[in-house]
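S.K.: Residue numbers are given in the UniProt record's numbering: position 427 of the sequence shown equals residue 427, and the series is strictly consecutive.
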Amino acid sequence: MSREPVEYQMTSHPFGATSSPFCANFALVKTVQMFSDQYDIFVQNAVQDNFYVDDCLVSFPSVEQAQSFVKQINELLSRGGFRLKKWVSNSEMVASVFPRMSGGLSTVDMPPGYSVTQRTLGLEWDTKSDVFKFRFDPVERPLTRRGIMSVVSSLFDPLGLISPTCLPAKQLLQKLCRAKLGWDQPLCESDVAAWEVWVNFMRRLGSVTVNRSLKKEGFDDESKTELHVFSDASESGYGAVAYARIVSQKRAPHCVLLFSKSRVAPIKHVTIPRLELAAAVLSVRVSELLKGSLPNLFCQTSFWTDSMIVLYYIKNCDRRYVTFVANRLSVIHQYSQVEQWLYVKSEWNPADWASRGITKEKDLKDWLDGPVFLRDRRQGFTMDCMEVPLEDVEFKGPPAQVNVTVTKTTHFSLLSYFSDWTKLVRIASWLRRYIDYIIVLYSRHKDRSINLGPLSVMEQETTKIKILKLVQREVYPEILEILRKDTKSVTHNDLRKLSPVMIDGLMRVGGRLGYSEFSASFKHPIILPNRHSVTESIIRHYHKEEGHCGTSQVLAAIRETYWIVKGIREVKRVIGRCVVCRRLNARIGQQMMAPLPPCRVKQGWYSFAFTGIDYFGPLIVRRGRSIEKRYGCVFTCLQTRAVHLEVAHDLSTDSFIMVLMRFMGRRGKPLEIYSDNGSNFVGAVSELRQFIRQWDLHKIGAQLTSRQIQWHFNPPSSSHRGGVWERIIRSIRRLLLVISNERVLQEETLITYMVEVERILNNRPLVPVTSDVNDRLCLTPNNLLLLRDCEGIAIEGSLQDKYGRRWRQVNYLADVFWRRWRKEYLPTLQCRQKWLMKHRNFREGDVVIVSTDVVARGLWPLGIVQRCEKDKDNLVRTVTVKTKDGIIRRDIRKVCLLEGAD
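1) What does the alpha-carbon distance come out to for the pair Ile-538 and Asp-420?
2) Can you name the residues that DSSP bridges to Thr-880?
3) Please state whether the Cβ-Cβ distance between Lys-834 and Met-593 is less than 8 Å.
4) Give me the Cα-Cα distance between Gly-16 and Arg-79, rounded to the nearest whole angstrom.
5) Going by other Cβ atoms of all chains shown within 10 Å of its Cβ, with 16 needed for buried, is Cys-637 buried or exposed?
6) Measuring alpha carbon to alpha carbon, tell me which residue in Lys-85, Lys-30, Tyr-437 and Val-63 is nearest Asp-54.
7) Who are the Cβ neighbours of Gly-797 in its own chain at under 6 Å, not counting the five residues just before and after it?
8) So who's on the other strand from Leu-619, going by DSSP bridges?
9) How would you call His-492, buried or exposed, if buried means at least 16 neighbouring beta carbons within 10 angstroms?
10) With a threshold of 7 Å on Cβ separation, who are the neighbours of Pro-14 within its own chain once the five nearest residues in sequence on each side are excluded?
11) For the pair the region 210 to 219 and the region 247 to 267, tell me if three or more CB-CB distances fall below 8 Å.
12) Which residues in the same chain as Gln-460 place their Cβ atom closer than 6 Å to its Cβ, once the five residues preceding and following it in sequence are excluded?
13) By alpha-carbon positions, which one of Phe-373, Cys-188 and Ile-427 ends up nearest to Ile-467?
14) Tell me, please, whether the region 26 to 37 touches the region 59 to 73 by the rule of three or more beta-carbon pairs shorter than 8 Å.
15) Count the other C-beta atoms from every protein chain shown that fall within 10 angstroms of the C-beta of Ile-450, then say buried if there are 16 or more, exposed otherwise.
16) Please state whether the Cβ-Cβ distance between Ser-302 and Val-264 is less than 8 Å.
17) Here's a check: name, in chain order, each residue in its chain whose Cβ is nearer than 6 Å to the Cβ of Asp-885, leaving out the five neighbours to either side.
18) In this structure, how does DSSP classify His-492 when only helix, strand and coil are distinguished?
19) Between Tyr-238, Arg-245, Met-308 and Glu-758, which has its C-alpha nearest Val-270's C-alpha?
20) Could you check what DSSP says for Asp-232 in three-state terms: helix, strand or coil?
21) With DSSP run on the structure shown, which of helix, strand or coil describes Cys-299?
22) Indicate the three-state DSSP secondary structure (helix, strand or coil) for Leu-596 in the structure shown.
23) Using the Cα positions of Glu-7 and Ile-73, report the straight-line distance between them to the nearest angstrom.
24) Name the residue from Leu-766, Gly-370, Tyr-442 and Arg-432 whose alpha carbon lies nearest to the alpha carbon of Ser-456.
25) Ile-358 by DSSP, collapsed to three states: which one?
26) Buried or exposed for Cys-188, please, with buried defined as at least 16 other CB atoms from any protein chain shown within 10 angstroms of its CB.
27) Tell me, to the nearest whole angstrom, how far the beta carbon of His-228 is from that of Arg-245; I am working on the premise that it is less than 8 Å.
28) Among all the DSSP beta bridges, which residues are the ones paired with Phe-713?
29) Check whether the region 356 to 369 touches the region 323 to 343, taking contact to mean three or more Cβ pairs, one atom from each stretch, closer than 8 Å.
30) So what does DSSP say about Leu-645, is it helix, strand or coil?
31) Just how far apart, CA to CA, sit Ile-300 and Glu-339?
32) From this set, Thr-127, Lys-572, Phe-69 and Asn-585, which residue's C-alpha is nearest Glu-92's C-alpha?
33) In whole angstroms, what is the alpha-carbon distance linking Met-110 and Gln-48?
34) Short of 7 Å in beta carbon distance, which residues of its chain neighbour Val-682, apart from the five on each side in sequence? Order them along the chain.
35) Which residues mark the beginning and the end of the beta strand (DSSP E) in which Leu-257 is found?
36) Which residues in the same chain as Arg-145 place their Cβ atom closer than 6 Å to its Cβ, once the five residues preceding and following it in sequence are excluded?
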């Protein structure tokens with residue numbers, strides 16, 4: 001920076017900053033602390049306890065005290081710079097002392113038609129009748145899981161006065177979660193009906209009111225207030241509800257709903273006794289909340305439950321229970337006394353609505369009024385209890401003594417943690433250096449030196465020896481003991497031929513090369529066990545160093561230093577799991593050749609009823625002095641193998657539709673059309689592919705649908721499925737090359753050549769030609785297209801006889817063709833020429849690589865099979881794969897299996 005930064009200070013409190021709420025509350029509390037000695041204590045308490053952000057809700061027993069509070073609080077906060085506005089009261093006398101410039105309103109000042117209902121922290125307060133009202137007017141949301149969540153979350157009921165009415169909606173939402181319905185997936189009809197029933201019921205809550213004041217008129221200050229908390233649970237939910245019972249000597253007891261909580265049961269199954277216990281814990285927490293909010297109000301607290309098992313738990317403190325029960329009992333005993341827990345019959349327990357929900361207006365009225373027996377003048381409540389079935393009580397069993405013997409040390413865990421040999425040696429070397437540092441720091445071995453800086457080669461070589469000793473000690477402890485004693489030779493089957501010897505604490509190969517002039521490590525390589533994590537990491541290291549070569553070269557490099565037991569098998573196993581090699585050497589998916597589709601073997605249809613289409617080109621033509629491109633479109637009959645050729649002027653959608661119309665005008669309307677996927681027509685070069693991708697398939701589909709023609713696409717990048725027209729295109733190119741000696745043709749010449757090629761192809765034999773002179777003429781597509789056998793026949797007689805006989809001859813020749821087609825041509829298609837064996841079907845979850853011509857094999861994208869399409873023979877030949885670029889559909893011969901899902 002070129003100069004010192006300039007400091008700026010806010011001249012007013014910013015709105016919306018992260019620190020804004022704290023600063024505002026701090027200023028409010030600081031104001032009270034600075035001037036608290038000049039005002040009454042109830043004013044200070046109101047500021048500290050009754051302010052919620054910028055709203056203050058406070059109640060007083062008398063008008064005089066409320067008037068005094070209005071004057072003092074306004075004066076106190078004005079000294080701190082706070083101006084109170086929007087005063088509202090249910091008393092006209094209190095409203096008379098409101099500051100006139102604050103915008104306050106009383107019921108007297110309100111103009112005609114002005115609503116006396118005020119929004120108070122989300123609740124509606126009718127100041128004239130002094131009651132709370134509820135209004136449910138949800139915004140229209142889609143009937144999905146997200147929409148239901150939005151509507152349910154919009155309900156604001158902080159005191160839980162109508163919590164049982166909200167429980168059915170929460171239970172419906174939990175049902176959708178349990179069914180794993182998507183957030184934006186539409187609901188089924190039954191769920192929609194249940195939702196509409198609940199919404200209609202909630203809209204009728206506008207007539208429900210709750211008195212704001214706890215005490216009715218006629219109850220003096222000498223009346224006592226008792227707190228009664230009920231709890232209950234069901235299979236679908238649990239809850240707790242608290243009532244205030246106000247007792248006076250002059251009037252009958254009065255019962256008021258204070259607070260409630262309704263919760264749905266967990267998705268994971270929980271037994272009813274455990275849910276009842278959870279409801280009991282909820283009831284004591286509700287009690288503590290009310291006692292903290294209304295201090296010194298309740299003279300007595302009682303807890304009610306209809307579960308005898310819960311009462312048994314609470315009253316038997318000396319028993320040992322399972323952890324779930326014990327943890328919740330500790331909370332109950334911490335906040336309540338055993339004598340406070342009483343039994344209530346299920347039909348008298350209002351918490352039953354909190355656990356099951358309310359869907360009737362009569363039940364809601366009974367819920368707000370409270371239990372009938374609480375309005376009784378009796379001082380005590382006693383109800384008969386039932387016996388507790390002890391088999392439902394979850395006692396804790398006797399403690400079990402278990403001895404655990406650890407046989408695997410941390411050394412071996414460290415060895416198997418790293419799969420890279422170089423990294424393992426480096427980490428272990430740093431660990432050994434740290435151990436040396438600790439020894440020097442906390443022991444008396446001050447003469448030992450500490451290596452500093454990067455790891456040296458000597459340190460890493462020493463660490464390798466330590467690791468190999470640990471491996472041999474883990475696998476061959478008995479053999480090492482025998483070699484140390486040198487009492488007898490080793491008889492282990494895997495090591496007997498190696499004549500192992502102990503050299504510098506390591507077991508090495510004795511062998512027969514002791515007198516050779518090679519290095520000691522080559523004459524006596526270190527013996528390593530097979531199927532060990534360290535051995536596998538060493539094999540992977542040498543496999544990578546040797547450029548991912550085969551088994552022989554890797555094993556030869558290893559044996560210069562190490563001798564692996566059953567080395568060939570172990571090296572093959574480790575190399576076979578190399579991800580790089582598996583990607584480079586993965587085999588393309590294979591499966592038995594599929595049976596011929598029905599369109600290839602149906603008999604009796606007219607020619608080109610089932611047609612295959614493909615493009616080839618471009619073909620260069622001369623028009624005047626300019627050179628232009630034309631493209632060939634081949635139509636081949638999938639039954640008779642007949643060929644029809646057309647010339648397309650360009651690669652637009654309209655040009656293709658006109659080519660198709662010319663074909664249908666000459667050969668008739670086909671029933672079905674087959675082609676490769678638009679992105680990979682067989683004969684298409686890069687230019688052709690680019691234009692075909694831009695075809696308006698909806699426009700083409702509309703033309704075909706209007707003529708009741710079905711168009712079938714082969715999976716992308718599966719040109720072998722279009723072998724019928726692929727072979728035809730090869731013949732077309734060869735014939736055009738033979739017929740035309742010119743590279744650039746006139747357009748009329750090109751059309752003539754195309755017709756000539758069509759004639760030659762339709763004269764080709766469909767069955768092998770024999771040398772027997774007695775054989776009939778070969779079967780060709782023209783036998784059906786031209787009925788050549790009947791040409792040049794002179795017919796005499798009347799026209800009626802002439803055309804009648806002609807029609808019969810045509811039908812006869814067509815029947816002859818189809819009989820010969822069935823007897824001579826179809827049998828040639830019976831045998832499979834390749835793909836003869838059944839292979840493993842691809843499965844969902846298989847890890848594959850997708851073959852592509854764009855990049856090299858090592859860069860083929862990785863994917864996971866999401867869906868497998870089985871043919872009629874129950875074999876998978878098409879899969880849908882999810883890659884990093886999206887979801888693609890491919891033939892199995894364009895994917896390579898890397899790792900099976902099984």
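Glycine is no exception: its CB is placed at the ideal position from the N, C-alpha and C atoms.
Note that this is a predicted model, so its numbers are computed, not measured.
M.R.: Working from what's here:
1) As a first step, residue 538 is located in the sequence shown; it is residue number 538 there, counting from the start. As a first step, residue 420 is located in the sequence shown; it is residue number 420 there, counting from the start. Spanning the two alpha carbons is a distance of roughly 8 Å.
2) Your numbering for residue 880 matches position 880 in the sequence shown. Thr-880 is bridged to Arg-867 and Arg-889.
3) In the sequence shown, residue 834 corresponds to position 834, counting from 1. In the sequence shown, residue 593 corresponds to position 593, counting from 1. Their beta carbons are under 8 Å apart, which means Lys-834 touches Met-593 by this criterion.
4) The sequence position of residue 16 within the sequence shown is 16, counting from 1. The sequence position of residue 79 within the sequence shown is 79, counting from 1. Approximately 24 Å, taken between the alpha carbons.
5) For the purposes of this step, residue 637 is identified with residue 637 of the sequence shown, where counting begins at 1. Result: buried.
6) Counting from 1 along the sequence shown, the entry for residue 54 is found at position 54. Cα-wise, what sits closest to Asp-54 is Lys-85.
7) For the purposes of this step, residue 797 is identified with residue 797 of the sequence shown, where counting begins at 1. At Gly-797 the pLDDT is 41, less than 50, meaning the model places this residue with poor confidence; the figure from the coordinates comes in the next sentence. Hits under 6 Å: none found.
8) Taking the first residue of the sequence shown as 1, we reach residue 619 at position 619. Leu-619 is bridged by DSSP to Arg-630.
9) One-based indexing of the sequence shown puts residue 492 at position 492. The Cβ neighbour count for His-492, taken over all protein chains shown within 10 Å, is under 16; the residue is labelled exposed.
10) By 1-based counting over the sequence shown, the position of residue 14 is 14. Same-chain partners within the cutoff: Ser-20.
11) Taking 8 Å as the limit for Cβ pairs, the verdict is that the region 247 to 267 does touch the region 210 to 219.
12) Translated into the one-based positions of the sequence shown, residue 460 becomes position 460. Excluding sequence neighbours, Gln-460 sits near Val-425 and Ser-429.
13) Position 467 of the sequence shown, counted from the first residue, corresponds to residue 467. Taking only the C-alpha atoms, the option nearest Ile-467 is Ile-427.
14) No: the two stretches stay apart, fewer than three of their Cβ pairs being nearer than 8 Å.
15) Locating residue 450 in the sequence shown gives position 450, counting from the first residue. Ile-450 is classed as exposed because its beta carbon has fewer than 16 other beta carbons within 10 Å across all chains shown.
16) In the sequence shown, the residue the question calls residue 302 occupies position 302. In the sequence shown, the residue the question calls residue 264 occupies position 264. Result no, Cβ atoms of Ser-302 and Val-264 do not sit closer than 8 Å.
17) Taking the sequence shown and counting its residues from 1, one reaches residue 885 at position 885. By the criterion of a C-beta distance shorter than 6 Å, Asp-885 is surrounded by no residue of its chain, once the five residues flanking it on both sides are discounted.
18) Counting from one through the sequence shown, the residue named residue 492 turns up at place 492. His-492 falls in the coil class under three-state DSSP.
19) Sequence index remark: in the sequence shown, residue 270 carries index 270 (1-based). Ranking Tyr-238, Arg-245, Met-308 and Glu-758 by CA distance to the CA of Val-270 puts Tyr-238 first.
20) As a working note, residue 232 is residue 232 in the sequence shown. In the structure shown, Asp-232 sits in a strand (DSSP, three-state: E or B).
21) Here residue 299 refers to the residue found at position 299 of the sequence shown. In this structure, Cys-299 counts as strand in the three-state DSSP scheme.
22) Numbered from its first residue, the sequence shown carries residue 596 at position 596. In the structure shown, Leu-596 sits in coil (DSSP, three-state: anything other than H, G, I, E or B).
23) Position 7 of the sequence shown holds residue 7. Position 73 of the sequence shown holds residue 73. Looking at the two C-alpha atoms, the distance is approximately 36 Å.
24) The residue labelled residue 456 in the question sits at position 456 within the sequence shown. Out of Leu-766, Gly-370, Tyr-442 and Arg-432, Arg-432 has the C-alpha closest to the C-alpha of Ser-456.
25) By 1-based counting over the sequence shown, the position of residue 358 is 358. Of the three classes helix, strand and coil, the one that applies to Ile-358 here is coil, per DSSP.
26) On the sequence shown, residue 188 is found 188 positions in, with the first residue counted as 1. Result: exposed.
27) Numbered from 1 along the sequence shown, position 228 holds the residue referred to as residue 228. Numbered from 1 along the sequence shown, position 245 holds the residue referred to as residue 245. Sure, about 6 Å apart at Cβ, within 8 Å.
28) For the purposes of this step, residue 713 is taken as residue 713 along the sequence shown, with counting starting at 1. In the DSSP assignment, Phe-713 forms a beta bridge with Ser-675.
29) No, because fewer than three Cβ pairs between the region 356 to 369 and the region 323 to 343 fall closer than 8 Å, the two stretches do not touch.
30) For the purposes of this step, residue 645 is identified with residue 645 of the sequence shown, where counting begins at 1. In the structure shown, Leu-645 adopts extended strand secondary structure according to DSSP, grouped into three states.
31) Numbered from its first residue, the sequence shown carries residue 300 at position 300. Numbered from its first residue, the sequence shown carries residue 339 at position 339. Note that residue 300 corresponds to Gln in the displayed sequence, not to Ile. Rounded to whole angstroms, Gln-300 to Glu-339 spans 12 Å at the Cα level.
32) Within the sequence shown, residue 92 is the residue found at index 92, counting from 1. Checked all of Thr-127, Lys-572, Phe-69 and Asn-585; the closest Cα to Glu-92 is Thr-127.
33) Counted from its first residue, the sequence shown places residue 110 at position 110. Counted from its first residue, the sequence shown places residue 48 at position 48. Low confidence applies to Met-110: its pLDDT is 48, below 50, so where it sits in the model is not reliable, and the reading given next is rough at best. Their Cα atoms are separated by approximately 31 Å.
34) Stepping through the sequence shown from its first residue, residue 682 is reached at position 682. Note that Val-682 has pLDDT 38, beneath the 50 cutoff, so the model's placement of it is unreliable and no number is given.
35) Indexing the sequence shown from 1 puts residue 257 at position 257. If you look at Leu-257, you'll find it in the beta strand (DSSP E) that goes 254 to 264.
36) Here residue 145 corresponds to residue number 145 of the sequence shown, with the count starting at 1. Excluding residues within five positions, the ones whose Cβ falls inside 6 Å are Leu-176, Leu-181 and Trp-183.
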